[in-house]
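Start counting the sequence shown at 8; every next residue gets the next number (full-length UniProt numbering).
Ideal Cβ positions, reconstructed from N, Cα and C, are used throughout, including at glycine.
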Amino acid sequence: YKRITVKSLVDMKARGEKISMLTAYDYTMAKIVDGAGIDVILVGDSASNVMAGHETTLPITLDQMIYHASSVVRAIDRSLVVVDLPFGSYQSDPKEALRSAIRIMKESGGHAVKMEGGKEVKDSIKRILNAGIPVMGHLGLTPQSIYKFGTYTVRAKEEQEAQRLKEDALMLERAGCFGIVLEKIPAALAKEVAESVSIPVIGIGAGAGVDGQVLVLHDMLGMTHEFNPRFLRRYMNLYEDMTNAIGQYVDDVKSKDFPNDEEQY
Ligand code: KIV
Ligand code: NA
8 YKRITVKSLV DMKARGEKIS MLTAYDYTMA KIVDGAGIDV ILVGDSASNV MAGHETTLPI
68 TLDQMIYHAS SVVRAIDRSL VVVDLPFGSY QSDPKEALRS AIRIMKESGG HAVKMEGGKE
128 VKDSIKRILN AGIPVMGHLG LTPQSIYKFG TYTVRAKEEQ EAQRLKEDAL MLERAGCFGI
188 VLEKIPAALA KEVAESVSIP VIGIGAGAGV DGQVLVLHDM LGMTHEFNPR FLRRYMNLYE
248 DMTNAIGQYV DDVKSKDFPN DEEQY
């Protein structure tokens with residue numbers, strides 16, 4: 008195998024090969040995801056929800072993201088590792104954004120950073136790119152701005168917001184980003200954006216007309232069971248399987264079935 012680079016992703020788009028991306032936040036899971044042949048692992052700030060149990064992505068810190076990312080990086084042989092810049096680590100000014108991105112690269116060994124937003128973060132993106140750090144954009148539903156939106160519903164359904172999103176996507180390409188995540192927007196709009204830029208557009212809840220797909224690992228494995236958006240395809244029902252396995256273990260301990268004669272010294 009060959010390691011995936013930001014260049015390989017752009018080449019994949021050029022030859023029409025779809026890009027596969029999943030989140031991971033720890034060593035053991037990342038080892039499985041990388042070994043199974045995923046192209047890109049996202050150390051998402053969704054770790055705030057999935058790993059820490061927060062209601063939003065806002066509370067997770069840069070130090071915590073670095074901890075998750077360094078665990079993931081130790082597991083991978085082939086995938087490209089993209090790390091989310093968390094809320095509060097890049098919004099105040101470009102210098103702070105660059106300092107945060109440098110910390111991620113130095114302390115975790117990740118290969119690229121992702122940040123939410125368009126025009127408002129343009130100067131920060133340019134500064135980070137100038138330091139040689141690849142940047143992925145993220146438009147549409149941007150969970151770090153949840154208190155501005157108020158809900159997690161589909162974004163850019165109205166013409167004005169759609170127009171703004173198209174301009175932001177072109178800006179991200181011009182600024183030098185190697186890719187863009189589009190979250191929860193109409194499929195037709197996502198397709199139009201993907202066709203308007205030469206960098207890969209990775210969708211989540213953005214339809215089939217984009218260049219790749221990303222899902223939260225614990226959602227697609229069915230470990231979470233109270234989150235049921237239309238875009239989520241579950242490949243397993245681990246919530247049920249794990250509950251049954253753990254219940255069986257409890258029964259075996261209580262009934263003295265475990266350990267048996269062979270399971271001891
Ligand atoms: O944090 C995350 O998991 C993400 C994906 C949903 C794109 O940003
Ligand atoms: Na994220």
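(request) Specify whether the region 46–65 and the region 97–109 touch according to this definition: at least 3 beta carbon pairs, one from each stretch, less than 8 angstroms apart. (result) no
(request) Identify every run of the beta strand (DSSP E) within the region 21–54, keeping only runs that are complete inside it and at least 3 residues long; order them along the chain. (result) 26–30 and 47–50
(request) Could you please give me the residues that DSSP links to Ile119 through a beta bridge? (result) Here residue 119 turns out to be Ala, not Ile, going by the sequence shown. BP columns for Ala119 point to Val89.
(request) Could you work out which residue in Ala197, Phe185 and Pro150 is closest to Lys173 when comparing CA atoms only? (result) Ala197
(request) Measuring from each Cβ to the nearest heavy atom of the ligand NA, keep the ones under 5 angstroms and list them in chain order. (result) Gly51, Asp52 and Asp91
(message) For Gly117 and Met28, I'd like the C-alpha separation in whole angstroms.
(response) 15 angstroms
(request) Tell me, please, which residues DSSP counts as bridged to Gly186. (result) Met143
(request) Take the Cβ of Thr30 as the centre, count every other Cβ of all protein chains shown within 10 Å, and call the residue buried at 16 or more, exposed below. (result) buried
(request) Check Val257 in the structure and name its three-state DSSP category. (result) helix
(request) Return the CA-CA distance between Gln170 and Met249, expressed in angstroms with no decimal places. (result) 45 angstroms
(request) Report the rounded CA-to-CA distance for residue 324 versus Ala76, giving the unit in angstroms. (result) Here the chain covers residues 8 to 272 and nothing more, so residue 324 does not appear.
(message) Tell me whether the region 152–165 and the region 125–144 touch, counting them as touching only if at least three CB pairs, one residue from each stretch, are closer than 8 angstroms.
(response) no
(request) Mind checking which residues open and close the beta strand (DSSP E) that includes Gln220? (result) Gly219 to Leu222
(request) May I ask which residues mark the beginning and end of the alpha helix (DSSP H) holding Ile132? (result) Lys129 to Asn137
(request) Give me the Cα-Cα distance between Ser205 and Asp70, rounded to the nearest whole angstrom. (result) 34 angstroms
(request) Rounded to whole angstroms, what's the CA-CA distance from Ile39 to Leu16? Just pull it up for me. (result) 21 angstroms
(request) Tell whether a beta-carbon distance below 8 angstroms holds between Ala201 and Gly147. (result) no
(message) Can you list, in chain order, the residues of its chain with a C-beta nearer than 6 angstroms to that of Asp33? Leave out the 5 residues immediately preceding and following it.
(response) Ser78
(request) Tell me, to the nearest whole angstrom, how far the beta carbon of Leu87 is from that of Asp46; I am working on the premise that it is less than 8 angstroms. (result) 7 angstroms
(message) Can you list, in chain order, the residues of its chain with a C-beta nearer than 8 angstroms to that of Lys25? Leave out the 5 residues immediately preceding and following it.
(response) Met19, Asp218, Gly219 and Gln220
(request) Pull up the distance between the alpha-carbon of Glu199 and that of Asp84, whole angstroms please. (result) 34 angstroms
(request) Given a cut-off of 8 angstroms, decide if Asp91 and Val142 are closer than it, judged by their beta-carbon atoms. (result) no
(request) Pull up the distance between the alpha-carbon of Ala182 and that of Asp175, whole angstroms please. (result) 10 angstroms
(message) Buried or exposed, going by whether 16 or more other CB atoms sit within 10 Å of the CB of Val260?
(response) exposed
(message) Do Lys191 and Arg162 count as a contact pair if the criterion is CB distance below 8 angstroms?
(response) yes
(request) State yes or no: is the C-beta of Ala59 within less than 8 angstroms of the C-beta of Ile67? (result) yes
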